[in-house]
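Respectively, the protein sequence lines represent chains A and B.
Per the numbering used here, the first sequence runs over residues 1 to 113.
Per the numbering used here, the second sequence runs over residues 114 to 227.
Read the structure below first, then the notes.
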Amino acid sequence: AQSVTQLGSHVSVSEGALVLLRCNYSSSVPPYLFWYVQYPNQGLQLLLKYTSAATLVKGINGFEAEFKKSETSFHLTKPSAHMSDAAEYFCAVSESGANNLFFGTGTRLTVIP
Amino acid sequence: DAGITQSPRHKVTETGTPVTLRCHQTENHRYMYWYRQDPGHGLRLIHYSYGVKDTDKGEVSDGYSVSRSKTEDFLLTLESATSSQTSVYFCAISEYPGGGDEQFFGPGTRLTVL
């Protein structure tokens, strides 16, 4: 069975500081992993995805994530937070042949000026 | 942006009334999904469709039905709305099923059941 755990429902960072949002997954087969971002009153937008190519995945807006099989993790990072990064972030997992994504409960990122 | 619209965007209704939400896409994608988003739960799949008239249940399908008579439209119906169905509903589409294919999301419908 697939599942995703996002540690920390709220994360606050100062502008210019490192952003680290944690995601651990459970999957019985090699997973596909996604990070989505949701700005207030909007739908979800894909930041990046892992599909078994490079383990370090670069996404939009300077975000990247590293797939670590040994740790069953896919943490999202950004070296320097901007005010515009304030949003809710969702990690999701899927498997080959599956018909849908399984989402984590989300992490709300606040950026402090 | 993927061409996905949802209507209505906001709705307030009373317990026991039927409600239909519409998702319309212009991408000609085969797969369409309905999710609900609730605090502390993330997004949970209600129903999905893998073609015209082909649908299946998701994780939280009780109290919901769906229909897809055309590729571009996917309807979600609450037969008799309850307060527990107060939520934000998102439609999503994808070209291929699951796996590594990205899902594109609509703007959402905020439903309040009084």
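Heads up, the beta-carbon is just placed ideally off N, CA and C, and yes, glycines get one too.
Problem - Residues sharing a beta bridge with A/N24, DSSP - result: Position 24 of the first sequence, counted from the start, is the residue given in the question as residue 24 of chain A. Among the bridge pairs identified by DSSP, A/N24 is matched with A/T5, A/S73.
Exercise for the section: Under 9 Å between beta-carbons, which chain A residues line up against B/F203? List them in chain order, please. Expected result: Position 90 of the second sequence, counting from 1, holds the residue named residue 203 of chain B. Those are G43, L44, listed as they occur along chain A.
Handout entry: Under 7 Å between C-beta atoms of B/S163 and B/Y146
Key = For the purposes of this step, residue 163 of chain B is taken as the residue at position 50 of the second sequence. For the purposes of this step, residue 146 of chain B is taken as the residue at position 33 of the second sequence. This sequence places Tyr at residue 163 of chain B; Ser is not what is there. The answer is no: Cβ separation not under 7 Å.
Handout entry: Inter-stretch contact at 8 Å, needing at least 3 Cβ pairs: the stretch 85-102 of chain A / the stretch 38-52 of chain A
Key = Judged by Cβ distances under 8 Å, the stretch 85-102 of chain A makes contact with the stretch 38-52 of chain A, as three or more pairs qualify.
Exercise for the section: Could you work out which residues of chain B lie near A/G106, taking near to mean beta carbons separated by less than 7 Å? Expected result: Along the first sequence, one-based indexing puts residue 106 of chain A at 106. Chain B residues near A/G106: G155.
Handout entry: Residue from B/S180, B/D214, B/T222, B/P220 whose Cα sits closest to the Cα of B/H142
Key = Sequence index remark: in the second sequence, residue 142 of chain B carries index 29 (1-based). Looking at the Cα atoms, B/D214 is the closest of the given residues.
Practice task
Would you give the residue range spanned by the beta strand (DSSP E) that A/Q45 belongs to?
Solution key: Within the first sequence, numbered from 1, the residue matching residue 45 of chain A stands at position 45. Note, A/Q45: beta strand (DSSP E), 44-50.
Handout entry: Near-chain A residues of the stretch 161-190 of chain B - C-beta to any C-beta below 9 Å
Key = Those would be Y161, Y163, D169, G171, E172, in chain order.
Practice task
Excluding the 5 residues preceding and the 5 following A/G106 in the sequence, name in chain order all residues of the same chain whose CB lies nearer than 6 Å to its CB.
Solution key: In the first sequence, the residue the question calls residue 106 of chain A occupies position 106. Cβ neighbours of A/G106 beyond the five flanking positions: E88, F90.
Exercise for the section: Give every residue of the same chain whose Cβ lies closer than 6 Å to the Cβ of B/T225, excluding the five residues on either side of it in the sequence, and list them in chain order. Expected result: Locating residue 225 of chain B in the second sequence gives position 112, counting from the first residue. Here B/T225 has V125, T199 as same chain residues with Cβ atoms under 6 Å from its own Cβ, once five neighbours each way along the sequence are excluded.
Handout entry: B/T139 and B/V165 closer than 7 Å at C-beta
Key = Along the second sequence, read from residue 1 onward, the residue named residue 139 of chain B stands at position 26. Along the second sequence, read from residue 1 onward, the residue named residue 165 of chain B stands at position 52. With contacts defined as CB atoms closer than 7 Å, B/T139 and B/V165 fail to qualify as a contacting pair.
Handout entry: Test: A/F63 CB closer than 7 Å to a CB of chain B
Key = Within the first sequence, the letter at position 63 stands for residue 63 of chain A. Cβ-Cβ to chain B under 7 Å: no for A/F63.
Problem - For B/E192 and A/Q45, the rounded distance between their alpha carbons - result: The count along the first sequence starts at 1 and reaches residue 45 of chain A at position 45. The count along the second sequence starts at 1 and reaches residue 192 of chain B at position 79. Straight through space, the alpha carbons of B/E192 and A/Q45 are spaced by roughly 30 Å.
Exercise for the section: For A/G90, return the contacting residues in chain B, with the cut-off set at a CB-CB distance below 9 Å. Expected result: Residue 90 of chain A sits at position 90 when you count from the first residue of the first sequence. The question names Gly, but residue 90 of chain A in the sequence shown is Phe. Correct list: G155, L156.
Exercise for the section: List the residues of chain B whose Cβ lies closer than 7 Å to the Cβ of A/F103, in chain order. Expected result: The sequence position of residue 103 of chain A within the first sequence is 103, counting from 1. The contacting residues are G155, L156.
Practice task
Give the residues of chain A in contact with B/Q216, contact being defined as C-beta atoms less than 7 Å apart.
Solution key: The residue you call residue 216 of chain B lines up with position 103 of the second sequence. Going along chain A in sequence order, the residues near B/Q216 (Cβ under 7 Å) are L101.
Practice task
Could you check the C-alpha separation between B/H154 and A/G104 for me, to the nearest Å?
Solution key: Along the second sequence, one-based indexing puts residue 154 of chain B at 41. Along the first sequence, one-based indexing puts residue 104 of chain A at 104. Approximately 7 Å, taken between the alpha carbons.
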